[in-house]
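Using the UniProt record's numbering, the first residue of the sequence shown is number 1, and each one after it goes up by one. Backbone N, C-alpha and C define an ideal beta-carbon position, used for all residues, glycine too. Since the structure comes first, as structure tokens, the remarks are kept for the end.
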Amino acid sequence: MAWRLICDRGQQIWKYFVNENSNSIQFDKESLNSSDKVYREYAIEQNSKRLNIDENQYEKFHIPLFKDELCSSVVKSVLNGIDYYSSLQVDDGHWPGDYGGPMFLLPGAIITSYITKFEFSQEEKNEMIKYLFNHQLSNGGWGTHIENKATMFGTVLNYISLRLLGIPFNNEQLQKAYNFIQSEGGAMYAPSWAKFWLCVLGVMPWEGVNSLFPELWLLPEWLPVHPSRYWCHCRMVYLPMSYVYAEKIVGEITPLIKELRNELYIEKYHEIDFIKHRNSISSLDLYTPQTYLLKILNIFTNTYESVYNRQLRNKASEFLIDYIQAEDEHTNYINIGPVNKFINMLSIWYSKGRQSQQFQQHLNRVKDYLWLSEDGMKIQGYNGSQLWDTAFSIQAILETGLEHLYTNCLNSAYYYLEISQVLEDVKDHVKYYRHISKGGWPFSTRDHGWPITDCTSEGIKATLLLHEQMSNGPRLITSERLEDAINFILSTQNKDGGWASYELQRSGSWLEWLNPAEVFQGIMVDYSYTECTSACIQALWKFRSQTIYSNYRRKEIDISIKRGIEFIKKQQKIDGSWYGSWAVCFTYGTWFAIEALITVGESPKSKIITKAIEFLISKQNSDGGWGESYLSCVHKTYVPHKQSQVVNTSWAVLTLMSAKADSNIIRKGIQFILNKQSSNGDWNQQSISGVFNGNCMISYTNYRNIFPIWALGRFIKNYSTQ
Ligand code: LAN
């Protein structure tokens with residue numbers, strides 16, 4: 001009996017086979033992070049692509065031979081590293097990996113399955129239970145993500161999940177969670193996103209949450225507070241949330257729900273004044289407290305809720321369910337993310353019924369979010385990071401200059417780029433507030449289809465580099481398609497010169513005053529980011545430097561690059577670093593910023609680059625590595641990690657090499673990466689490296705291979721051309 005990953009054009013499905021040998025692998029609880037062993041061990045066993053070239057054969061294979069000891073070790077290490085990593089690639093060309101981390105996603109799936117009565121298989125449920133217990137902390141609670149301390153957000157939702165999965169109240173481990181919730185004052189101290197699920201499940205009355213004011217959608221679109229102007233993730237979560245609220249959807253009150261009502265609170269359920277606790281939140285969870293403005297607006301919308309007009313409400317509901325269906329169709333029922341996936345599903349169950357075709361379509365796409373690792377089965381933060389990892393992997397391998405050894409791997413990765421680029425705008429895109437999509441690349445798969453600025457840029461960069469370096473390779477991505485990608489990039493540049501994640505910034509940052517999610521920051525609008533801006537600049541630059549494209553929208557491209565660079569320069573901190581919004585943290589942001597500046601010809605001796613390099617050098621540890629804690633992201637100031645991290649070190653040395661910094665420092669960093677490599681070519685999984693909205697961490701397991709390979713590759717390249 002064993003789990004196997006089945007992939008089809010990027011879609012990743014875990015299937016359980018009764019007749020296969022078991023692959024049960026122990027999770028090292030201390031490390032908190034899975035090493036993705038379930039996938040990797042089987043992939044390597046089945047698919048080993050080792051070249052095993054020894055030094056005597058270097059000449060024959062056109063591999064450079066260096067006298068310098070470090071250089072020759074780097075060549076060996078990178079060959080070993082790519083041998084290992086290329087064995088993890090699947091037939092459609094992408095690299096699967098664990099994209100878990102957040103601990104508030106699986107509960108949405110389990111609660112939805114309980115209410116709508118769709119069943120996970122017993123094997124899936126067992127793995128989910130294993131996952132939840134594996135990530136329970138010693139004080140009985142769960143964090144908001146796997147490395148977090150306990151929060152009410154994590155604890156209340158995961159406690160409920162285990163109960164719904166059949167774990168009895170008197171289970172010893174669950175009792176610890178129960179005690180934790182009790183000692184923190186009960187579930188009314190959970191943040192608003194948890195309260196939403198409590199209401200849906202029927203363990204809190206709808207009066208327990210502030211109004212979600214569904215009629216807001218009916219207000220004129222030119223208003224700066226209109227939801228069409230929100231960051232697409234916020235908009236697409238608010239959409240079904242406001243529908244569920246408009247209809248006050250509640251699941252069946254079963255005996256188990258009645259038991260939960262007793263377990264989650266200190267007082268008797270029917271005696272609790274839930275209205276009084278609408279704004280109660282545990283200090284453990286509080287990250288962005290509600291502002292006075294929001295509190296005042298809540299008074300208005302809560303009052304409106306007691307007198308609302310039925311006709312208007314129906315109109316809002318009709319609008320919302322139509323929009324929900326449009327998002328379902330645009331994304332082939334995957335939806336933009338795992339939060340709206342399950343709330344959309346719940347909305348469709350309520351409005352169209354369990355037997356409806358739409359609900360069945362939703363069911364077909366639930367498994368896209370499930371991922372199995374040695375810590376158990378989780379819901380991932382997205383339906384995968386396929387395109388993102390593939391585009392980076394291509395660039396990393398090409399940087400080594402050893403592409404002739406990995407033609408199959410690279411051609412296959414190129415195929416993935418081809419099958420994931422978005423070719424059309426979504427239907428009625430203006431009506432549904434969607435930006436154009438044509439030419440863009442998504443983060444995961446074409447079926448998902450939401451294009452992203454920096455994913456598009458990495459797609460363009462990877463394609464152009466392949467076209468350049470693989471002269472006999474296939475040419476599946478035509479000039480027109482690359483021009484479409486450039487059109488997408490040019491259409492998404494903000495007024496401030498930067499690029500946001502998916503769309504243009506559609507409203508002011510003051511909207512953050514209305515952020516009702518106490519656990520996340522920067523969710524209301526799509527802001528310009530250093531990383532996205534850098535990637536777009538690099539893609540535009542690379543594109544215009546190709547002779548065949550040198551005239552395509554040239555003037556606009558030139559102006560656009562200039563404005564982008566100005567934006568990046570403005571983001572530099574006093575200490576010379578850049579904050580990274582999507583990975584940990586200043587080493588990541590600084591890498592992107594410097595890469596863009598160097599690309600456009602900024603001198604490494606300029607003040608701006610010198611300061612950045614000084615910053616990085618000041619953070620190097622005595623073992624030669626760099627290590628940043630995820631708390632850097634949360635506190636927005638550099639927090640060192642207890643141990644040097646291979647991923648941070650790779651970003652730092654990549655940056656130092658671009659800026660031609662002191663080679664002794666670089667060599668020490670490179671030596672650290674070599675020291676950390678395992679004999680099979682892999683690197684150990686260290687701390688979590690991705691982040692979103694300041695406060696939630698997310699895993700990128702392939703980073704531990706991609707970035708060391710990239711850094712080692714650049715070292716060889718620099719050395720050969722010296
Ligand atoms: C992602 C994943 C990819 C990421 C990059 C492309 C790496 C980044 O450069 C831009 C932002 C983006 C697209 C991004 C934004 C936030 C996402 C979508 C995520 C981190 C994956 C999961 C997260 C999403 C918001 C999680 C659901 C939680 C909510 C608060 C809605």
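Task: CB contact below 7 Å: residue 306 versus chain B - done: In the structure shown, chain B cannot be found, because there is only a single protein chain.
- [ ] Could you tell me the boundaries of the alpha helix (DSSP H) in which residue 198 lies?
- [x] 192 to 201
Open item on the list: Please state whether the Cβ-Cβ distance between residue 240 and residue 347 is less than 7 Å.
Closed with: The answer is yes: Cβ separation under 7 Å.
- [ ] Compute the beta-carbon to beta-carbon distance between residue 624 and residue 672, rounded to the nearest angstrom, for a pair I have assumed lies under 8 Å.
- [x] Contact holds; Cβ gap of about 4 Å.
TODO: Quick one: using the 10 Å Cβ neighbour count with 16 as the cut-off for buried, is residue 261 buried or exposed?
DONE: buried
TODO: Would you give the residue range spanned by the beta strand (DSSP E) that residue 4 belongs to?
DONE: Annotation: the continuous beta strand (DSSP E) that includes residue 4 extends over 2 to 8.
- [ ] For residue 27, name the three-state secondary structure that DSSP assigns.
- [x] coil
Open item on the list: Taking 6 Å as the limit between beta carbons, can you name the residues of its chain near residue 720, skipping five residues before and five after?
Closed with: 64
- [ ] Would you mind reading off the limits of the beta strand (DSSP E) that contains residue 379?
- [x] 376 to 379
Task: Same chain, Cβ closer than 6 Å to residue 356, five either side skipped, listed in chain order - done: none
Task: Classification of residue 206 by the beta-carbon crowding that lies within 10 angstroms, buried from 16 upward - done: Per the 10 Å Cβ criterion, buried.
Task: Own chain partners of residue 514 with C-beta closer than 8 Å, once the 5 adjacent residues on each side are dropped - done: 225, 291, 293, 294, 297, 524
TODO: Can you give me the Cβ contacts of residue 173 inside the same chain, cut-off strictly under 7 Å, excluding the 5 residues immediately before and after it?
DONE: 133, 136
Task: Bridge-paired residues (DSSP) for residue 17 - done: 2
TODO: Leaving aside the five residues before and after residue 286 along the sequence, list all residues of the same chain whose C-beta is less than 7 Å from its C-beta, in chain order.
DONE: 518
- [ ] Say whether the region 426 to 443 touches the region 456 to 469, bearing in mind that this needs 3 or more beta-carbon pairs closer than 8 Å, one atom from each stretch.
- [x] yes
TODO: Under 6 Å Cβ to Cβ from residue 330, same chain only, skipping five residues before and after it: list those, please.
DONE: 426
Open item on the list: Are the CB atoms of residue 146 and residue 202 within a distance shorter than 7 Å?
Closed with: no
- [ ] Return yes when at least one heavy atom of ligand 1 lies under 6 Å from the C-beta of residue 447, else no.
- [x] no
TODO: Could you give the DSSP three-state label for residue 732: helix, strand or coil?
DONE: Past the boundaries of the shown model lies residue 732; the chain is included only from 1 to 722, so the question cannot be answered.
- [ ] Can you give me the Cβ contacts of residue 715 inside the same chain, cut-off strictly under 6 Å, excluding the 5 residues immediately before and after it?
- [x] 74, 670
TODO: Could you check if residue 705 is buried or exposed, using at least 16 other CB atoms within 10 Å of its CB as the buried criterion?
DONE: buried
Open item on the list: Can you tell me whether residue 713 is helix, strand or coil according to DSSP?
Closed with: helix
Open item on the list: Any heavy atom of ligand 1 closer than 6 Å to the beta-carbon of residue 435?
Closed with: no
Task: Spatial distance of residue 57 from residue 373 (CA atoms) - done: 38 Å
Open item on the list: Considering only heavy atoms of ligand 1, does any lie closer than 6 Å to the CB of residue 501?
Closed with: yes
Open item on the list: My output table needs one value for residue 591: the three-state DSSP class, helix, strand or coil.
Closed with: Correct three-state label for residue 591: helix.
Open item on the list: Given a cut-off of 7 Å on the beta-carbon distance, is the pair residue 658 and residue 594 in contact?
Closed with: yes
Open item on the list: Looking at ligand 1, does it come within less than 6 Å of residue 66, judged from the CB to the closest heavy atom?
Closed with: Between ligand 1 and the CB of residue 66, the shortest heavy atom gap is not smaller than 6 Å.
Open item on the list: Since residue 109 and residue 156 should fall inside the 8 Å C-beta cutoff, what is the C-beta to C-beta distance between them, to a whole number of angstroms?
Closed with: That belief does not hold up - the Cβ atoms of residue 109 and residue 156 are roughly 16 Å apart, past 8 Å.
Task: residue 337 - containing alpha helix (DSSP H), residue span - done: Careful: residue 337 lies outside any alpha helix (DSSP H) and carries neither H nor E.
Open item on the list: Is any non-hydrogen atom of ligand 1 found closer than 6 Å to the C-beta of residue 226, if you look at the structure I gave you?
Closed with: no
Task: From 334, 271, 99, 243, residue whose alpha carbon lies closest to that of residue 320 - done: 243
- [ ] Examine the Cβ distances between the region 530 to 550 and the region 496 to 508 and report whether three or more of them are shorter than 8 Å.
- [x] yes
Task: Beta-carbon contacts of residue 549 that lie in its chain and below 6 Å, excluding the five residues immediately before and after - done: Answer for residue 549: 543, listed in chain order.
Open item on the list: For residue 396 and residue 690, I'd like the C-alpha separation in whole angstroms.
Closed with: Roughly 19 Å separates the two Cα atoms.
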